[in-house]
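Residue numbers (my numbering): 10 to 352.
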Amino acid sequence: MRVLVTGHLGYIGAILVPMATAAGHSVVGLDSDLYAGCDFGAPPPEVPTIGRDVRDVTADELAGLEGVIHLAALSNDPLGDLDPSLTAAINTAASLRLARLARDAGVRRFVFSSSCSNYGAAGDDLVDENATLNPLTPYAVSKVQVEEGLAALADRDFSPVFMRNATAYGVSPRLRCDIVLNDLVGAAHTTGRILVRSDGTPWRPLVHVADIAQAALAALTAPREIVHAEAFNVGRTEENFRVSEIAAIVREAVPGARVAYADGAGPDKRSYRVSFEKIRRLLPAFQPAWTVRAGARELADAYRTRGYSQADHDGARYRRVGRIRAGLASGRLDPALRPRAEA
């Protein structure tokens, strides 16, 4: 297929693009490269690229495409909270505008990178795709709103599919250390302390970034009747952990590190334990290869061999909200988060 991958220079996109090309797809990327300079190891592979903000994509740029994998977004809760109006403009309005343009251009499959954070405060029971959605942050609200809008756009010729990813982890050419496993392993490696910022009780489902990419590609090519306007939780049911359990896994991966809890750490309302039986049953092409334990070891090895330092871990380079704030302060980004041409 000829496929547009938005956010192809981001954390997931940098893994997905080479997997897509290896699978025989012809990939075009779209990215404003907000996170230029966040490379970890070799830079992302080059593909034909539309170097613009997702808010500014044109109908002509979508002509001839057969599929879209839409990853581009302000991509976590702290970043979503930075300016909720920008989260609404970029994550919600621009995503739905892109989908309408894609539908009108004849794109048949639209794979949307959604989130298990849509479930919000779900408690201890396993939730599946039919559970009531309870988004607690602007980021999660935007994901729910886009799913609803895409469902309304679905028709005989345009099939959106919603991939509700568990919390990502793992090494990528565009590293993030502001997600739970990457953060905890980074802290253990650089300080010997595994700093837990809650009381450790919240549930989190976790999934490796490469498995997210594999799921998106499976959804791209699955039979229409299986994925049309359907949501799929992306992960494995046995990979749900309390944050305290994640910390214990990190301690195994980084011998000598100790678990500590942040001052005033309390419960986190965002707690959800998720069933992934639907994707296991209906998308057999999705065969997740990673476990959290293996991912913790991968991260620890990468941090050690690539000289990942405490300055790297504490600084803005690998933290999305820190990187955005630095771009605003330097003038590289304008207040609407578009890169300035002169920068």
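Even for Gly, the Cβ is constructed at its ideal location relative to N, Cα and C. Values in this document were obtained by computation on a predicted structure and should not be read as measured data.
Residue span of the alpha helix (DSSP H) that contains residue i, given as start and end
i	result
S253	252-262
T141	Run containing T141: none; DSSP gives neither H nor E here.
L308	301-314
A149	147-162
Chain-order list of residues whose beta-carbon lies under 6 angstroms from that of residue i (same chain, five-residue window excluded)
i	result
A311	V180
Whole-number beta carbon distance between residue j and residue i, since they are thought to touch under 8 angstroms
i	j	result
V189	N242	Actually they are not in contact, since the Cβ atoms of V189 and N242 sit about 17 angstroms apart, beyond 8 angstroms.
N143	G129	3 angstroms
C-alpha gap between residue i and residue j, whole angstroms
i	j	result
I99	R334	17 angstroms
D48	R183	5 angstroms
A3	Y281	This structure cannot settle anything about residue 3, because the visible part of the chain is limited to 10 through 352.
D65	L292	33 angstroms
V14	V120	10 angstroms
H233	E239	According to the sequence provided, residue 233 is Arg. The question's His does not apply to it. About 10 angstroms.
I21	V218	6 angstroms
L105	L193	35 angstroms
N127	E70	31 angstroms
D277	Y270	13 angstroms
S207	D187	14 angstroms
I203	S253	10 angstroms
A102	S339	27 angstroms
G195	G73	43 angstroms
Span of the beta strand (DSSP E), counted from its first residue to its last, around residue i
i	result
R11	11-15
E234	Unbroken run through E234 is the alpha helix (DSSP H), 233-236; no beta strand (DSSP E).
D323	Element bounds for D323: not the beta strand (DSSP E) but the alpha helix (DSSP H), 319-323.
V268	267-270
G132	130-136
L39	35-39
A240	239-243
V63	Counting along the chain, V63 falls outside any beta strand (DSSP E), and DSSP gives it neither H nor E.
Proximal residues to residue i (C-beta, below 8 angstroms), its chain only, five neighbours per side dropped
i	result
P93	P147
V301	Y178, L190, L215, E248, F250, I255, I258
R109	L162
Chain-order list of residues whose beta-carbon lies under 7 angstroms from that of residue i (same chain, five-residue window excluded)
i	result
H198	V263, A309, Y312, R313, Y317
Below-9 angstroms beta-carbon distance, residue i vs any chain D residue
i	result
Y327	Although the question refers to chain D, the structure presented lacks it and comprises just one protein chain.
Length at least 4, wholly inside the region 170-223: the alpha helix (DSSP H) runs in chain order: 189-200
Completely contained alpha helix (DSSP H) runs for the region 67-113, where each covers 4 or more residues: Counting only runs that start and end inside the region 67-113, the alpha helix (DSSP H) elements of at least 4 residues fall at 86-91, 93-96, 103-113.
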